[in-house]
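Encoded as structure tokens, the structure appears first; notes follow it.
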Amino acid sequence: MKQIYKVPSERNSDRVKELRHRYVQRMMELEGNALPYVFVDVDEAGFNLSKVRRRGRNLIGQRATVLVPGQRGGNITLCAAISTQGVLAYIPVMGAYNTQRVLAFLDVLYDRLVPPEESDQVRSVHVVIWDNVAFHHSRDVRAWFEAHPHMAMEFLPPYSPFLNPIEEFFSAWRCKVCDHHPHDRMPLLDAMNAGCRDISAESCQGGQRADQ
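So, in structure tokens, the structure goes:
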């Protein structure tokens with residue numbers, strides 16, 4: 001007997017496949033546009049001290065074990081943005097992200113991409129690519145993009161996280177956080193920040209090339 005995994009019936013429906021096709025066509029149109037578009041992949045991911053690697057090594061006949069805190073504690077959520085230039089911005093917060101928190105993140109990201117002293121010289125448009133979580137569609141978020149002409153956003157098709165290169169970033173990031181053993185070597189927040197710093201621009205470029 002094998003473990004059963006639940007797969008949403010809609011995930012590979014004709015409708016979703018068509019939406020994926022349109023999304024890829026849209027990305028190709030932006031890449032071929034005379035106006036330079038820069039893709040910026042954004043997502044949020046949670047972490048908890050109870051999270052550890054699922055596989056490990058030990059002596060033959062003995063279990064591979066790891067000590068974890070008895071209390072789970074609160075979740076910490078990291079919002080991050082990457083491009084071919086590497087990790088552009090990341091902000092961890094206690095609890096979950098919401099509209100106000102993502103707006104604060106976008107302000108930080110904008111200052112990194114379009115420094116105030118260079119705003120008149122920037123000719124490219126930075127396209128934020130992210131999923132369809134409700135607060136990404138909020139009125140305030142849409143108003144933020146309308147107020148920042150050097151920024152635009154595109155939404156991934158439903159059930160299609162694999163089209164966003166930042167998924168590979170978060171996979172590598174979680175491993176690096178676990179490598180720091182945050183429950184006994186350093187605070188979780190420090191481990192999360194260190195994990196982001198450990199991921200090179202070359203790794204981000206590789207993820208974007210694979211996505212393309």
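Per full-length UniProt numbering, residue 1 is the first one in the sequence shown, and the count goes up by one each step. Here a beta-carbon is modelled for each residue, glycine too, at the ideal position from N, C-alpha and C. The structure presented is a predicted model; accordingly, all values stated were derived computationally and were not measured.
Could you please give me the residues that DSSP links to residue i through a beta bridge?
i, result
"residue 217", "The structure shown does not extend to residue 217, since the chain spans only 1 to 212, so no value can be given for it."
"residue 44", "79"
"residue 102", "Residue 102 pairs with nothing; no bridge assigned."
"residue 95", "76"
"residue 38", "126"
"residue 89", "81"
Using only the alpha-carbon positions, how far apart do residue i and residue j sit?
i, j, result
"residue 168", "residue 30", "23 Å"
"residue 203", "residue 86", "8 Å"
"residue 68", "residue 181", "Any reading at residue 68 must be qualified, since the residue scores a pLDDT of 46, below 50, and its modelled position is unreliable; the value itself is stated next. Their Cα atoms are separated by approximately 9 Å."
"residue 70", "residue 48", "For residue 70, the predicted model reports a pLDDT of 44, less than 50, meaning its position is unreliable; a value from the coordinates is still stated below. When rounded, the distance between both Cα atoms is 12 Å."
"residue 166", "residue 128", "12 Å"
"residue 33", "residue 93", "37 Å"
"residue 113", "residue 91", "16 Å"
"residue 25", "residue 160", "15 Å"
"residue 66", "residue 179", "Residue placement at residue 66 is poorly supported in this model, since its pLDDT is 43, which falls under 50; the coordinates still yield a value, given next. One C-alpha to the other measures close to 12 Å."
"residue 122", "residue 152", "14 Å"
"residue 205", "residue 139", "32 Å"
"residue 82", "residue 43", "9 Å"
"residue 142", "residue 198", "32 Å"
"residue 164", "residue 19", "15 Å"
"residue 187", "residue 14", "46 Å"
"residue 171", "residue 193", "15 Å"
"residue 10", "residue 75", "30 Å"
Assign residue i to one of two classes, buried (16 or more other C-beta atoms within 10 Å of its C-beta) or exposed (fewer than that).
i, result
"residue 162", "exposed"
"residue 8", "exposed"
"residue 249", "Outside the shown range of the chain, which is 1 to 212, sits residue 249, and nothing can be said about it."
"residue 35", "exposed"
"residue 41", "buried"
"residue 195", "buried"
"residue 131", "buried"
"residue 12", "exposed"
"residue 28", "exposed"
"residue 72", "Only weak support exists for where residue 72 lies, its pLDDT of 49 falling under 50; the value from the coordinates is given anyway. Residue 72 comes out exposed."
"residue 21", "exposed"
"residue 191", "buried"
Are the CB atoms of residue j and residue i within a distance shorter than 9 Å?
i, j, result
"residue 38", "residue 119", "no"
"residue 201", "residue 77", "no"
"residue 154", "residue 23", "yes"
"residue 45", "residue 80", "yes"
"residue 16", "residue 115", "no"
"residue 89", "residue 108", "yes"
"residue 144", "residue 189", "no"
Take every Cβ of the stretch 83-101, pair it with every Cβ of the stretch 123-141, and state whether three or more of those distances are shorter than 8 Å. yes
Under 8 Å, with one C-beta from each stretch per pair, do the stretch 145-160 and the stretch 169-182 reach the 3-pair mark? no
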